[in-house]
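Okay, structure first, notes after.
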Amino acid sequence: MSFDLTLIIVLALVLIALAVLFTFVPVMLWISALAAGVKIGIFQLVGMRLRRVIPARVVNPLIKAEKAGLDIELNKLEGHYLAGGNVDRVVNALIAAQRANIELTFERCAAIDLAGRDVLEAVQMSVNPKVIETPFIAGVAMDGIEVKAKARITVRANIDRLVGGAGEDTVIARVGEGIVSTIGSSTDHKAVLENPDMISQTVLKKGLDSGTAFEILSIDIADIDIGKNIGAGLQTDQAEADKKIAQAKAEERRAMAVAHEQEMKAKVEEMRAKVVEAEAEVPMAMAEALKSGNLGVMDYMNIQNVSADTDMRESIGKETKSNEDGYDNSGPTKNR
3 MSFDLTLIIV LALVLIALAV LFTFVPVMLW ISALAAGVKI GIFQLVGMRL RRVIPARVVN
63 PLIKAEKAGL DIELNKLEGH YLAGGNVDRV VNALIAAQRA NIELTFERCA AIDLAGRDVL
123 EAVQMSVNPK VIETPFIAGV AMDGIEVKAK ARITVRANID RLVGGAGEDT VIARVGEGIV
183 STIGSSTDHK AVLENPDMIS QTVLKKGLDS GTAFEILSID IADIDIGKNI GAGLQTDQAE
243 ADKKIAQAKA EERRAMAVAH EQEMKAKVEE MRAKVVEAEA EVPMAMAEAL KSGNLGVMDY
303 MNIQNVSADT DMRESIGKET KSNEDGYDNS GPTKNR
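Heads up: the sequence shown begins at 3 in my numbering, then just goes up one per residue.
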């Protein structure tokens, strides 16, 4: 009875040991590597576990590279994994580059991957160029007419400049700048419409792909259209602005004239007040002259007669003028 119990315990311990072994040690992965002809030790796989490396993420790409005829060291793949890179994508990129006769080393490929770029897509783009379409880009010709153009840029990835090179946005911005410059240097918008290839030829000559991760193969104008008459609009706005300025200056002159008129009226009233004040002093002066004997009674009477005669003449003059105009003191009358 005790022998059977001991046997059961031993079998249980063996099963537990095997379960732990197969869980911690990737025996099946080791067998797959041996079957593929990849020389890797079981303790190397255990060491990966201890270094917190998932063995399948390194061994499977290594098997793929071995079958493709690539000579890649296991330590390099493990180091790239620990650096946060995508080992499987790097190996796929190396295989694609080898098939396309593109010179690409593991170090360069790993650097591109760690830089955040899709190295496999870059290799594929080197074989099969990519077409980048720009939005409508507006430029104004010298005659003031706006011209809108849409371009398709055919680019090929430049693997040597993938690390540190500018991306698609820079290429689109440079091409847009070239389109605007070419349209703006045209004397007539009709010339642009007749020869849209003039834009692509001028832009290509500027070497817009320098410093970028791409090589521009061609720039084709996909669509071109006429926009607004910017020159006429600017002239209209300038005329409106000049009109407002002239109106403001005219209003300023009118206000100054009104102020000057009011000032003159005030001066006239001031002079009238002085005349009235001077006339008020005349009777006092005459009375003083009578008292002092400088003015006689006959002289005073002569002055009164002259004043009365003057008033009569003024009254007759007013009536005559009123009759000539068709009016009398009571209202309008007919001329006879």
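Ideal Cβ placement from N, Cα and C applies to all residues, glycine included.
If you're wondering where the values come from, they're calculated on a predicted model, not measured in any experiment.
(message) Considering only their Cβ atoms, is the gap separating L31 from L47 smaller than 9 Å?
(response) Mapped onto the sequence shown, residue 47 falls at position 45. Mapped onto the sequence shown, residue 31 falls at position 29. It is a contact, given that the beta carbons lie within the stated cut-off.
(message) With a threshold of 8 Å, are at least 3 pairs of Cβ atoms found where one atom belongs to the stretch 89-106 and the other to the stretch 62-76?
(response) A contact exists between the stretch 89-106 and the stretch 62-76.
(request) Check the C-beta distance from E135 over to I232 and give it rounded, since I have them as a contact under 8 Å. (result) Counted from its first residue, the sequence shown places residue 135 at position 133. Counted from its first residue, the sequence shown places residue 232 at position 230. No, E135 and I232 are not in contact; Cβ-Cβ is about 25 Å, not under 8 Å.
(message) Can you list, in chain order, the residues of its chain with a C-beta nearer than 7 Å to that of I221? Leave out the 5 residues immediately preceding and following it.
(response) By 1-based counting over the sequence shown, the position of residue 221 is 219. Result list for I221: A153, I155, V177, S202, V205, L206, in chain order.
(request) Count the other C-beta atoms from every protein chain shown that fall within 10 angstroms of the C-beta of H262, then say buried if there are 16 or more, exposed otherwise. (result) The residue labelled residue 262 in the question sits at position 260 within the sequence shown. H262 should be labelled exposed.
(request) Tell me, to the nearest whole angstrom, how far the beta carbon of L210 is from that of G167; I am working on the premise that it is less than 8 Å. (result) The sequence position of residue 210 within the sequence shown is 208, counting from 1. The sequence position of residue 167 within the sequence shown is 165, counting from 1. Cβ-Cβ separation between L210 and G167: approximately 13 Å, too far for a contact (criterion under 8 Å).
(request) Let me know the secondary structure DSSP gives N160 once reduced to three states. (result) Within the sequence shown, residue 160 is the residue found at index 158, counting from 1. N160: coil per DSSP, three-state reduction.
(message) Please report the distance separating the alpha-carbon of S332 from that of E321.
(response) Translated into the one-based positions of the sequence shown, residue 332 becomes position 330. Translated into the one-based positions of the sequence shown, residue 321 becomes position 319. Low confidence applies here, because S332 scores a pLDDT of 49, under 50, leaving its location unreliable and the question unanswered by this model.
(message) For V270, count the other beta carbons within 10 Å of its own beta carbon; 16 or more makes it buried, fewer makes it exposed. Which is it?
(response) As a position in the sequence shown, residue 270 is number 268, starting the count at 1. V270 is exposed by the Cβ-count criterion.
(request) Might you give, ordered along the chain, the residues of its own chain that have their beta carbon closer than 7 Å to the beta carbon of G87, omitting 5 neighbours on each side? (result) Position 85 of the sequence shown, counted from the first residue, corresponds to residue 87. Same-chain partners within the cutoff: A112, D115, L116.
(message) Distance check for Q249 and A241, CA to CA, integer angstroms please.
(response) Sequence index remark: in the sequence shown, residue 241 carries index 239 (1-based). Sequence index remark: in the sequence shown, residue 249 carries index 247 (1-based). Looking at the two C-alpha atoms, the distance is approximately 12 Å.
(request) Taking all protein chains shown into account, decide if I213 is buried (16 or more other Cβ within 10 angstroms of its Cβ) or exposed. (result) Within the sequence shown, the letter at position 211 stands for residue 213. It is Gly, not Ile, that sits at residue 213 in the sequence shown. Around the beta carbon of G213, fewer than 16 other beta carbons lie within 10 angstroms, which makes this residue exposed.
(message) Going by C-alpha to C-alpha distance, which of D171, A234, E253, L52 sits closest to M144?
(response) Start at 1 with the first residue of the sequence shown, and residue 144 comes out as number 142. It is A234.
(message) Does I74 come out as helix, strand or coil in the three-state DSSP assignment?
(response) On the sequence shown, residue 74 is found 72 positions in, with the first residue counted as 1. Residue state, collapsed to three classes: coil.
(request) Rounded to whole angstroms, what's the CA-CA distance from A140 to A243? Just pull it up for me. (result) As a working note, residue 140 is residue 138 in the sequence shown. As a working note, residue 243 is residue 241 in the sequence shown. When only Cα atoms are considered, A140 and A243 end up about 26 Å apart.
(message) In this structure, how does DSSP classify A117 when only helix, strand and coil are distinguished?
(response) Here residue 117 refers to the residue found at position 115 of the sequence shown. Looking at A117 - three-state DSSP - the assignment turns out to be coil, as it is neither helix nor strand.
(message) Checking 9 Å against the spacing of the C-beta atoms, do A124 and G169 come in under that value?
(response) Taking the first residue of the sequence shown as position 1, residue 124 is located at position 122. Taking the first residue of the sequence shown as position 1, residue 169 is located at position 167. A124 places its beta carbon 9 Å or farther from that of G169.
(message) Rounded to whole angstroms, what is the Cα-Cα separation between E75 and T184?
(response) As a working note, residue 75 is residue 73 in the sequence shown. As a working note, residue 184 is residue 182 in the sequence shown. Going from the Cα of E75 to the Cα of T184 covers about 53 Å.
(message) Taking DSSP's pairing of strands, which residues face I228 in a bridge?
(response) Numbered from its first residue, the sequence shown carries residue 228 at position 226. Bridge partners of I228 according to DSSP: V149.
(request) Please specify which runs of the beta strand (DSSP E), each continuous and at least 3 residues long, are wholly inside the stretch 26-112, giving them in chain order. (result) Those beta strand (DSSP E) runs which fall completely within the stretch 26-112 and span 3+ residues do not exist here.
(request) Determine the direct distance from the alpha carbon of I305 to that of V294, and round the result to whole angstroms. (result) Within the sequence shown, residue 294 is the residue found at index 292, counting from 1. Within the sequence shown, residue 305 is the residue found at index 303, counting from 1. The residue asked about is misnamed: residue 294 is Ser in this sequence, not Val. Answer to the nearest angstrom: the Cα atoms are 18 Å apart.
(message) Could you tell me the alpha carbon to alpha carbon distance between D239 and T189, rounded to whole angstroms?
(response) As a working note, residue 239 is residue 237 in the sequence shown. As a working note, residue 189 is residue 187 in the sequence shown. D239 and T189: Cα-Cα distance of roughly 22 Å.
(request) Take R119 and list the residues in its own chain whose beta-carbon comes closer than 7 Å to its own, dropping the five residues that flank it on each side. (result) Here the question's residue 119 lines up with position 117 in the sequence shown. Leaving aside the five residues that flank R119 on each side, the residues in its chain whose CB is nearer than 7 Å to its CB run, in chain order, L164.
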